[in-house]
Amino acid sequence: LSDMKSASTVGLTRSTTLFVNLELGVENFDCGRGTILDIKYEFDKWDLLSESKYELDRVIRYMKDHPSSIIEMSAHTDSRGESIYNLSLSDKRAQAAMEYILSRGINTSRVTAQGYGETRLKNHCDDNAECSEVDHAINRRTEATLICRQ
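Residue numbers (the numbering used here): 663 to 812.
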């Protein structure tokens with residue numbers, strides 16, 4: 663995914679050369695394979711936190727760089743709570759992510775939202791397992807999946 667960084671000249675009083683360490687890497691963003699975004703939500707909430715918007719800005723930048731791309735925003739919960747409630751919560755989270763992307767000028771035909779609740783756990787932490795908070799957190803995630811037409 664495209665990435666953005668900023669540098670500031672606040673406090674500089676003379677002309678100088680700024681040196682910035684860059685770390686280059688490749689983010690897999692392949693057809694049908696979700697890229698997990700670092701999007702946080704408060705417990706039992708679906709409002710986007712300000713630090714989560716940075717991650718969505720990366721998706722927006724990718725979509726602007728690739729104008730034919732179509733993306734599904736999918737949200738997932740851990741297994742705690744009723745499964746029907748988790749499905750509804752994840753729908754609201756996916757919808758919030760999609761609405762943010764649309765508010766930044768991406769056409770509605772290019773973004774969909776889908777909540778999966780606790781149906782796609784990344785680990786063993788289902789209803790019958792004892793898990794740590796760290797283990798549960800692995801399942802609470804939002805993904806961007808590039809949809810490719812055959």
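Glycine is no exception: its CB is placed at the ideal position from the N, C-alpha and C atoms.
Anticipated Cβ contact below 8 Å, residue i with residue j, distance rounded
i      : j      : result
Ile768 : Ile722 : 6 Å
Arg695 : His738 : Not really, about 15 Å apart at Cβ, beyond 8 Å.
Ser741 : Asp788 : 5 Å
Asp700 : Ala758 : Not confirmed; about 15 Å, so no contact.
Distance CB(residue i)-CB(residue j) smaller than 8 Å
i      : j      : result
Glu795 : Ser745 : no
Glu734 : Thr807 : yes
Lys707 : Tyr762 : no
Glu805 : Thr675 : no
Straight-line gap, residue i to residue j (C-alpha atoms, nearest Å)
i      : j      : result
Ser766 : Ile732 : Ser is not the amino acid found at residue 766; the sequence shown has Arg there. Distance between the alpha carbons of Arg766 and Ile732 is about 15 Å.
Ala756 : Gln776 : 6 Å
His798 : Ser752 : 15 Å
Val688 : Met760 : In this predicted model, Val688 has a pLDDT of only 39, less than 50, meaning its place in the structure is not dependable enough to derive any value.
Tyr724 : Ser677 : 33 Å
Thr774 : Asp727 : 18 Å
Cys793 : Gly743 : 14 Å
Cys810 : Leu749 : 25 Å
Leu686 : Thr770 : Bear in mind that the predicted position of Leu686 carries a pLDDT of just 42, short of 50, making it unreliable; the figure below should be weighed with that in mind. The straight-line gap from Cα to Cα measures roughly 31 Å.
Tyr703 : Thr671 : 33 Å
Lys784 : Pro729 : 31 Å
Ser664 : Gly673 : With a pLDDT of only 47 at Ser664, under the threshold of 50, the placement of this residue in the model should not be trusted, and no figure is reported.
Tyr747 : Phe705 : 13 Å
Ser712 : Arg772 : 23 Å
Ala791 : Asp719 : 36 Å
CB contact check: residue i to chain B, cutoff 8 Å
i      : result
His786 : You won't find chain B in this structure, because it holds only one protein chain.
Beta-bridge partners of residue i, as assigned by DSSP
i      : result
Glu805 : Ile698, Ser736
Cys693 : Leu808
Every unbroken alpha helix (DSSP H) within the stretch 726–787, with a cutoff of 4 residues, ordered by chain: Runs found: 745–765.
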